[in-house]
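Notes for the one structure printed next.
Residue numbers (full-length UniProt numbering): 1 to 279.
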């Protein structure tokens, strides 16, 4: 469970990192649902219940002291609720991974979405393995219920009973479809490092490296294609036309007359008429 707790802590920090930019994103909303379910998982502390059950088992002078039947039934009920909670984590993590995968396919903010997708995928995978372990724990404990005796009044009502098989009670489809065993001895780092093994020395295959400049593409030639001619940069710069400094021609200023210059008096107009008449 240490790896599962580590992934849960990483998810909470990742949500804090994405909360401002992706506040309306469905993938982030699903990640928050996973985080709330993981908080309930951490608060449940199923390991402490198993430690309490183990502490009541004592052997003194060849005399075996066992816990009461009520305590064993309580641990079974806690295991049943724990498995149902982890099933909820698996379901919401699958939905969250669907939205994150869609965002990666769109190419929008794919870098941070890829990190979130990897984290949610690990939570989804570990939750499935944890559900399988819960079914095994429940099955191993339930077979000894009838051997224990009640101390005081039974706390489970008479019209209620514990399921004999937790796997059937959960009724999960993928539990029967997949048959994947968790790696108990190998850590995740060892599993990943196995992918990067060196090639054996007995390998006689020769690896030939071809420079990129020597690689030519086999394409059908056409007369319409303009292949061109390869020239050096120095020759190209030498053939460039020289740019001469063009002197700007002097601009003659045209003297514009004012509109008031065309205004004439009546006397001037009469004189102008007399001159035209004499002509």
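The C-beta atom is built at its ideal place from N, Cα and C for all residues, glycine as well.
Is it true that the stretch 72 to 82 meets the stretch 134 to 148, where meeting means three or more beta-carbon pairs spaced less than 8 Å apart?
-> yes
Expected contact under 8 Å - CB spacing of residue 27 and residue 103 to nearest Å | To locate residue 27, count along the chain shown from 1; it is residue 27. To locate residue 103, count along the chain shown from 1; it is residue 103. Right, their Cβ atoms sit about 6 Å apart.
Just curious, the alpha helix (DSSP H) that residue 83 is in, first and last residue?
-> To locate residue 83, count along the chain shown from 1; it is residue 83. Here the alpha helix (DSSP H) through residue 83 covers 69 to 106.
Taking the continuous alpha helix (DSSP H) assigned at residue 8, which residues delimit it?
-> Along the chain shown, one-based indexing puts residue 8 at 8. Here the alpha helix (DSSP H) through residue 8 covers 2 to 18.
Own chain, CB closer than 8 Å to residue 280, minus 5 neighbours either side, in chain order = The chain is shown only over 1 to 279; residue 280 falls outside these bounds and no answer can be derived.
So which of 66, 91, 35 and 148 has the shortest CA-CA distance to residue 170?
-> In the chain shown, residue 170 corresponds to position 170, counting from 1. For the residues 66, 91, 35 and 148, the minimum Cα distance to residue 170 belongs to 91.
Secondary structure of residue 229, DSSP reduced to three states = One-based indexing of the chain shown puts residue 229 at position 229. Three-state result, residue 229: coil.
Does the stretch 36 to 43 come close enough to the stretch 96 to 115 that 3 or more CB-CB pairs lie under 8 Å?
-> no
Thinking residue 145 and residue 96 are a contact (beta carbons under 8 Å), I'd like their distance in whole angstroms, please.
-> As a first step, residue 145 must be located in the chain shown, where it is residue number 145. As a first step, residue 96 must be located in the chain shown, where it is residue number 96. With 8 Å as the limit, residue 145 and residue 96 do not qualify as a contact, their Cβ atoms being about 38 Å apart.
Through-space distance from residue 140 to residue 111, alpha-carbon basis | Taking the chain shown and counting its residues from 1, one reaches residue 111 at position 111. Taking the chain shown and counting its residues from 1, one reaches residue 140 at position 140. In a straight line, the C-alpha of residue 111 is about 44 Å away from that of residue 140.
Among 48, 129 and 235, nearest to residue 87 - alpha-carbon criterion | Working through the chain shown from its first residue, we reach residue 87 at position 87. For residue 87, the nearest C-alpha among the options comes from 129.
Could you please give the first and the last residue of the uninterrupted alpha helix (DSSP H) stretch that includes residue 28?
-> Within the chain shown, numbered from 1, the residue matching residue 28 stands at position 28. Note, residue 28: alpha helix (DSSP H), 26 to 44.
From residue 10 to residue 109, what does the alpha carbon distance come to, in whole angstroms?
-> For the purposes of this step, residue 10 is identified with residue 10 of the chain shown, where counting begins at 1. For the purposes of this step, residue 109 is identified with residue 109 of the chain shown, where counting begins at 1. Spanning the two alpha carbons is a distance of roughly 19 Å.
Can you tell me whether DSSP reads residue 58 as helix, strand or coil?
-> As a position in the chain shown, residue 58 is number 58, starting the count at 1. Residue state, collapsed to three classes: strand.
Can you name, in chain order, every residue of its own chain whose Cβ lies under 8 Å from the Cβ of residue 72, other than the five neighbours on each side?
-> Here residue 72 refers to the residue found at position 72 when the chain shown is read from its first residue. So the qualifying residues of the chain are 53, 141, 144, 145 and 148.
Short check: CB of residue 74 to CB of residue 155, under 9 Å?
-> Here residue 74 refers to the residue found at position 74 of the chain shown. Here residue 155 refers to the residue found at position 155 of the chain shown. The answer is yes: Cβ separation under 9 Å.
List the DSSP bridge partners of residue 65.
-> Within the chain shown, the letter at position 65 stands for residue 65. Paired residue(s): 58.
What did DSSP end up calling residue 145 once you bin it into helix, strand or coil?
-> For the purposes of this step, residue 145 is identified with residue 145 of the chain shown, where counting begins at 1. If DSSP states are grouped into helix, strand and coil, residue 145 belongs with the helices.
Nearest neighbour of residue 150, chosen from 42, 49 and 68 [CA to CA] = The residue labelled residue 150 in the question sits at position 150 within the chain shown. With distances taken between Cα atoms, residue 150 lies closest to 68.
Skipping 5 residues on each side, what residues in its chain have a beta carbon closer than 8 Å to that of residue 32?
-> Counting from 1 along the chain shown, the entry for residue 32 is found at position 32. 15, listed in sequence order.
Take the Cβ of residue 22 as the centre, count every other Cβ of all protein chains shown within 10 Å, and call the residue buried at 16 or more, exposed below.
-> Working through the chain shown from its first residue, we reach residue 22 at position 22. That one is buried.
In angstroms, rounded to a whole number, what distance separates the CA positions of residue 85 and residue 175?
-> If you number the chain shown from 1, residue 85 lands on position 85. If you number the chain shown from 1, residue 175 lands on position 175. Taking the straight line joining both Cα atoms gives about 16 Å.
In whole angstroms, what is the alpha-carbon distance linking residue 43 and residue 93?
-> Counted from its first residue, the chain shown places residue 43 at position 43. Counted from its first residue, the chain shown places residue 93 at position 93. Whole-angstrom Cα-Cα distance: 19 Å.
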